[in-house]
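J.: Residue numbering for the sequence shown follows numbering that gives the first Met the number 0, starting at 0 and increasing by one per position.
Glycine included, C-beta positions come from ideal geometry on N, C-alpha and C.
Below you'll find the structure I mean.
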Amino acid sequence: MNPELKKRIAKAERSDKIITGILYGVGGFFLLLLIFMAGYIIVRGLMDFKPQYLAFNKHGIGNQFFNTVYLVFLSLLVSVPIGVGAGIYLAEYAGQNKLTAAIRVSIESLSSLPSIVVGLFGYLVFILATGMRWNIVAGALSVSILSLPSITTTTEDALRSLPKSYKQGSMALGATHWKAITSVMLPACLPRIVTGVILAAGRGFGEAAALLYTSGQTTNIRWNNWNLSSSMCPLNPFRTGETLALHIWSLRNEGALNPDATQIANVTSMVLIVLTLAFTLGARVAMRKLTKKQIGE
Numbered sequence: 000m001n002p003e004l005k006k007r008i009a010k011a012e013r014s015d016k017i018i019t020g021i022l023y024g025v026g027g028f029f030l031l032l033l034i035f036m037a038g039y040i041i042v043r044g045l046m047d048f049k050p051q052y053l054a055f056n057k058h059g060i061g062n063q064f065f066n067t068v069y070l071v072f073l074s075l076l077v078s079v080p081i082g083v084g085a086g087i088y089l090a091e092y093a094g095q096n097k098l099t100a101a102i103r104v105s106i107e108s109l110s111s112l113p114s115i116v117v118g119l120f121g122y123l124v125f126i127l128a129t130g131m132r133w134n135i136v137a138g139a140l141s142v143s144i145l146s147l148p149s150i151t152t153t154t155e156d157a158l159r160s161l162p163k164s165y166k167q168g169s170m171a172l173g174a175t176h177w178k179a180i181t182s183v184m185l186p187a188c189l190p191r192i193v194t195g196v197i198l199a200a201g202r203g204f205g206e207a208a209a210l211l212y213t214s215g216q217t218t219n220i221r222w223n224n225w226n227l228s229s230s231m232c233p234l235n236p237f238r239t240g241e242t243l244a245l246h247i248w249s250l251r252n253e254g255a256l257n258p259d260a261t262q263i264a265n266v267t268s269m270v271l272i273v274l275t276l277a278f279t280l281g282a283r284v285a286m287r288k289l290t291k292k293q294i295g296e
């Protein structure tokens, strides 16, 4: 082999090892940072934990826990169909023109909007314009606005990264374009799309600024009242609903009024972290089982 070529190959291999080591180091740093932050919050929460803090009444955080899950569920009902549909349109139907360029710029701009701005927009559109009071639906719609960019971008990238043989093979067997998308391409992209949904849900679990002006900071639930038209029914989406993140913010601002505010805030932070991790891991496990079932394992 040419000595000059051997030197180039050796230099390239050294550069590859150096860059790989740097990337591993960066990844390891963020992993350790996440473990440290989550561990610190969980340990502080366990140290201040009391069973009564989990009660489903005004003295516990059970109602806030339910509100958080309910609000994220409602937001995903809105953002997932719209986001996945927009991703399919951009990847499979949209041409390269000024309209699609404007759509992509809008998605990028939307993803960089501060959540407090989205909250003010939600307050103006979903509260003032409709003449309603703070409610969970307004909060869910505001969180959906924040979630749409990640779901749309993830879906579009997943579809574009598929080998062309997926679509061409299914259409060669007689499938229509839409049938190829729904029966072949989307199932193949499902793991990556679920990643976008997890990111969107994670943002919904921890969102506070956008909910200050939309979902409200009070909760008055009666668990024996299942009349959906009642403002005290847990499943009424048009009632006020304080989430765990909002509850933490409220507790840290009323420390002088509630002697246990710091302890309850620590426990609430722990519950929020555990909820987010449980949702992420649960979605990953379910997705892995679904993928194995699809490939026949």
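Rounding to the nearest angstrom, what Cα-Cα distance links Ile220 and Ala209 in this structure?
T.: Start at 1 with the first residue of the sequence shown, and residue 220 comes out as number 221. Start at 1 with the first residue of the sequence shown, and residue 209 comes out as number 210. If you take the alpha carbons of Ile220 and Ala209, they lie about 22 angstroms apart.
J.: Assuming contact is defined by CB atoms lying nearer than 8 angstroms, are Thr154 and Ile192 in contact in what I supplied?
T.: As a working note, residue 154 is residue 155 in the sequence shown. As a working note, residue 192 is residue 193 in the sequence shown. Result yes, Cβ atoms of Thr154 and Ile192 sit closer than 8 angstroms.
J.: Within the same chain, show all residues whose beta-carbon is closer than 7 angstroms to that of Ala179, passing over the 5 residues directly before and after it, in chain order.
T.: Within the sequence shown, residue 179 is the residue found at index 180, counting from 1. Excluding positions up to five away in sequence, the list reads Lys166, Ser169, Met170.
J.: I think Ile150 touches Gly82, with their Cβ atoms under 8 angstroms apart; what is that distance to the nearest whole Å?
T.: Translated into the one-based positions of the sequence shown, residue 150 becomes position 151. Translated into the one-based positions of the sequence shown, residue 82 becomes position 83. So it is a contact: roughly 3 angstroms between Cβ atoms.
J.: In whole angstroms, what separates the C-alpha of Phe278 from that of Ser268?
T.: One-based indexing of the sequence shown puts residue 278 at position 279. One-based indexing of the sequence shown puts residue 268 at position 269. The alpha-carbon atoms of Phe278 and Ser268 are separated by roughly 15 angstroms.
J.: Can you confirm whether the segment 105–118 touches the segment 42–53 when touching is taken to mean that 3 or more C-beta pairs between the two stretches lie within less than 8 angstroms?
T.: The segment 42–53, when compared against the segment 105–118, does not touch it at the 8 angstroms Cβ threshold.
J.: Would you tell me roughly how many angstroms separate the C-alpha atoms of Ser74 and Glu241, rounded to the nearest one?
T.: The residue given as residue 74 occupies position 75 in the sequence shown. The residue given as residue 241 occupies position 242 in the sequence shown. About 15 angstroms.
J.: Which parts of the segment 2–86 are runs of the alpha helix (DSSP H), unbroken and 4 residues or longer, counting only runs that do not cross its ends?
T.: Those alpha helix (DSSP H) runs which fall completely within the segment 2–86 and span 4+ residues are 2–46.
J.: Quick one: measure Cβ to Cβ for Asn62 and Thr218, integer angstroms, because I've assumed they're closer than 8 angstroms.
T.: For the purposes of this step, residue 62 is identified with residue 63 of the sequence shown, where counting begins at 1. For the purposes of this step, residue 218 is identified with residue 219 of the sequence shown, where counting begins at 1. Between Thr218 and Asn62 the Cβ distance is about 5 angstroms, and since that is below 8 angstroms, they are a contact.
J.: Alpha helix (DSSP H) containing Val183: first to last residue?
T.: Here residue 183 refers to the residue found at position 184 when the sequence shown is read from its first residue. Note, Val183: premise wrong, no alpha helix (DSSP H); not H, not E.
J.: Do you know whose CA, among Leu22, Ala200, Gly20, Lys57, lies nearest Leu70's CA?
T.: Counting from one through the sequence shown, the residue named residue 70 turns up at place 71. Of the listed residues, the one whose Cα sits closest to Leu70 is Ala200.
J.: With a threshold of 6 angstroms on Cβ separation, who are the neighbours of Ile17 within its own chain once the five nearest residues in sequence on each side are excluded?
T.: For the purposes of this step, residue 17 is taken as the residue at position 18 of the sequence shown. Cβ within range, chain order: n/a, list empty.
J.: Does the Cβ of Pro162 have 16 or more other Cβ atoms within 10 Å, making it buried, or fewer, making it exposed?
T.: As a working note, residue 162 is residue 163 in the sequence shown. Exposed: under 16 other Cβ atoms inside 10 Å.
J.: So, helix, strand or coil for Asn252, using DSSP?
T.: Indexing the sequence shown from 1 puts residue 252 at position 253. Asn252 falls in the helix class under three-state DSSP.
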